[in-house]
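Number 124 in the UniProt record's numbering belongs to position 124 of the sequence shown; there are no gaps in the numbering. Backbone N, C-alpha and C define an ideal beta-carbon position, used for all residues, glycine too. Some notes on the structure that comes next.
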Amino acid sequence: MSKLTFRASRNSATSPVAAMSSPSPDSPQQESGFSSSSSPPNIVRRKLTGYVGFANLPNQWHRKSVRKGFNFNVMVVGESGLGKSTLVNTLFNTSLYPPKERKGPSLDIIPKTVSIQSISADIEENGVRLRLTVVDTPGFGDFVNNDESWRPIVDNIEQRFDAYLEAENKVNRMNIIDNRVHACVYFIQPTGHALKPLDIEVMRRLHTKVNLIPVIAKADTLTDEEIAEFKKRILADINHHEIQIFEGPRYELDDDETIAENNEIMSKVPFAVVGANSEVTNADGRKVRGRRYPWGIIEVDNEEHCDFVKLRQMLIRTHMEELKEHTNNFLYENYRSDKLTAMGVAQDPSVFKEVNPAVKQEEERTLHEQKLTKMEAEMKMVFQQKVAEKESKLRQSEHELYDRHRDMKEQLQRQRMELEEKKSRLGRSVTSGPLPPPPPPPS
């Protein structure tokens, strides 16, 4: 019998949100209604009494997707002569790139800047249609001065982001064409030493704007030992410069086989690849895609010869949808947020934030405590100011009283001296006889 899962909130004496679960016939001890501690929070599970039909949603989505078709945009970046066109044709098993005509030296025109070229094709496999767009960068790394060779590539990626952002902002958004670059396959020259400064600078400029997948081109020019050592040096440079390369996502419900498959794919990064559009006959008499050399045959689809199968597995068979989702949900959203912020349109993340009542209550309690602490500090400061003012007034009154006391003491001293003088004069007059009459007043 199917199970119905939906979200609900319950009031609890111990928590703002409690997880409730209905009792099952097999577990009478769960009649209290509380779910086990292992159940996700806010989830209520109910059993259906009959067939509803939403289990058919994956089939509906499959029919819609097949009817609508898919699109995938991949960019290839690397120096000329590393087999980018051949590898793309080998990946999709089609002649997406026509054979190049060899021109004489007198007809060769050296471009001054890196050009961006796009090739689109509709391909179909077992009834599934794919709109494939390959963005090529001819001229990259072919100049004497390659300081700014990365700029046209970054500008093209940002222009595609801008076009998608403009389409999203229109009133009618029914038919938005996704021209954003979903993956960038970066071709590394098989020097066997380490990444060149140009490779490091370009990948540093690209890794925040596109899913970066590094590959070692023309791996048939190196031995197995040289490839292993070359991979270690490349990964060391990537880690040292904090360059982010695409990694397959990990989900909680993945089984052991899927996890092992993803780990095996990531263990091959950077992929040592070989491209070949023609078939050769191997020692067993089978027709295989590969290249014939005097020392033997290298098979493109043989995992013992190169990592082409793992690259195809990541890019097409297992992680194509993850590449598109990571581009839309992470790379494009970061660019969009930065773009709108630069335009003065700040987005409030709390609008779309799922609120947890317990966390919200804790935040409010912390905020209230901060306000109380601030009020207490302000009141303490005001009290100290009042005390200081009162002490100042008391000291002033003390000085005034002291001055008045001193003045009164001096006045009493003067009066005492005057009285002493009068007493002395009176004593002299008594001992010397009567006082002479006062002189007559003038006529």
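Is the separation between the beta-carbon of Asn73 and that of Val181 shorter than 7 Å?
Yes. Within cutoff.
Helix or strand or just coil, what does DSSP make of Tyr293?
Reduced to three states, the DSSP call for Tyr293 is strand.
Does Thr137 pass the burial test, meaning 16 or more other C-beta atoms within 10 Å, or should it be called exposed?
Per the 10 Å Cβ criterion, buried.
Taking Arg131 as part of the beta strand (DSSP E), name the residues at either end of that continuous run.
Unbroken beta strand (DSSP E) run through Arg131: Val128 to Asp136.
In whole angstroms, what separates the C-alpha of Val288 from that of Ile298?
Distance between the alpha carbons of Val288 and Ile298 is about 9 Å.
How long is the line joining the alpha carbons of Gln272 and Ala236, rounded to whole angstroms?
This sequence places Ala at residue 272; Gln is not what is there. Distance between the alpha carbons of Ala272 and Ala236 is about 16 Å.
Would you tell me roughly how many angstroms separate the C-alpha atoms of Arg395 and Asp407, rounded to the nearest one?
Roughly 18 Å between the two C-alpha positions.
Hey, how far is the Cα of Asn263 from the Cα of Arg205?
C-alpha separation (whole angstroms): 27 Å.
Whole angstroms are fine: how far does the CA of Arg416 sit from the CA of Glu376?
Rounded to the nearest angstrom, the two C-alpha atoms are 59 Å apart.
In angstroms, rounded to a whole number, what distance separates the CA positions of Val302 and Val309?
Going by the sequence as given, residue 302 is Asn instead of Val. Using only the alpha carbons, I get a separation of about 7 Å.
Spatial neighbours of Asn146 within its chain, please: C-beta separation below 6 Å, excluding the five flanking residues on both sides.
Excluding sequence neighbours, Asn146 sits near Leu198.
Buried or exposed: Ser85, going by 16 or more other Cβ atoms within 10 Å of its Cβ?
Ser85 comes out buried.
Enumerate, from N- to C-terminal direction, the unbroken alpha helix (DSSP H) stretches of 4 or more residues contained entirely within the stretch 40–107.
The qualifying runs are 57–68 and 84–92.
With which residues is Glu279 paired in a DSSP beta bridge?
DSSP output for Glu279 lists Arg289 as bridge partner(s).
Excluding the 5 residues flanking Val430 on each side, which residues of the same chain have their C-beta closer than 8 Å to its C-beta?
Excluding sequence neighbours, Val430 sits near nothing in its chain.
Can you check DSSP and say which residues form a bridge with Tyr186?
Answer is Val77 and Pro214, bridged to Tyr186.
Return the Cβ separation of Val114 and Ile153 in integer angstroms, given the expectation that the two are a contact with Cβ distance under 8 Å.
Val114 to Ile153, Cβ: 7 Å. Contact.
Rounded to a whole number of angstroms, what is the C-alpha to C-alpha distance between His193 and Ile116?
Taking the straight line joining both Cα atoms gives about 29 Å.
When the Cα atoms are used, what is the spatial distance from Glu168 to Thr191?
C-alpha separation (whole angstroms): 44 Å.
Across which residues does DSSP place Glu125 in a beta bridge pair?
According to DSSP, Glu125 bridges with Val128.
Would Ile123 pass as a contact of Thr90 if the rule is Cβ separation under 7 Å?
Not in contact: Ile123 and Thr90 (Cβ atoms no closer than 7 Å).
If you draw a straight line from the C-alpha of Leu311 to the C-alpha of Asn71, how long is it?
Each residue's Cα considered, the two are about 19 Å apart.
Within the same chain, show all residues whose beta-carbon is closer than 6 Å to that of Ser38, passing over the 5 residues directly before and after it, in chain order.
Residue confidence is low: Ser38 scores 46 on pLDDT, short of 50, so the model does not pin down where it sits. Its coordinate-derived value is still stated next. Contacts found: none.
Using 8 Å as the threshold, is the stretch 200–218 in touch with the stretch 227–245, meaning 3 or more CB pairs across them?
Touching, yes, given that three or more Cβ pairs across the two stretches are closer than 8 Å.
Does Ser429 come out as helix, strand or coil in the three-state DSSP assignment?
Ser429: helix per DSSP, three-state reduction.
In this structure, does DSSP put Glu299 in helix, strand or coil?
Residue state, collapsed to three classes: strand.
Going by the DSSP bridge assignment, what does Phe143 pair with across the sheet?
For Phe143, which the question treats as bridged, DSSP gives no partner whatsoever.
Would Lys268 and Asp307 be called neighbours here (beta carbons separated by less than 7 Å)?
The answer is yes: Cβ separation under 7 Å.
With C-beta atoms as the reference, is Ala121 less than 7 Å away from Leu82?
No.
Roughly how many angstroms lie between the CA atoms of Gln313 and Tyr335, to the nearest whole one?
Looking at the two C-alpha atoms, the distance is approximately 28 Å.
Answer with buried or exposed for Pro440, where buried requires no fewer than 16 other C-beta atoms within 10 angstroms of its C-beta.
By the 10 Å Cβ count, Pro440 comes out exposed.
Am I right that Val77 and Phe140 are in contact with their C-beta atoms under 8 Å? What's the rounded C-beta distance?
The Cβ separation is near 6 Å, so the contact holds.
At which residue ranges does the stretch 194–253 contain complete alpha helix (DSSP H) runs of 4 or more residues, listed in the order of the chain?
As far as the stretch 194–253 is concerned, its whole alpha helix (DSSP H) runs of at least 4 residues are 197–206 and 224–240.
Look at the alpha carbon of Ile43 and the alpha carbon of Thr258, and state the distance between them as a whole number of angstroms.
Each residue's alpha carbon lies about 27 Å from the other.
Looking at the unbroken alpha helix (DSSP H) that takes in Thr258, where does it start and where does it end?
Looking at the DSSP string, the run of the alpha helix (DSSP H) that includes Thr258 is Asp256 to Met266.
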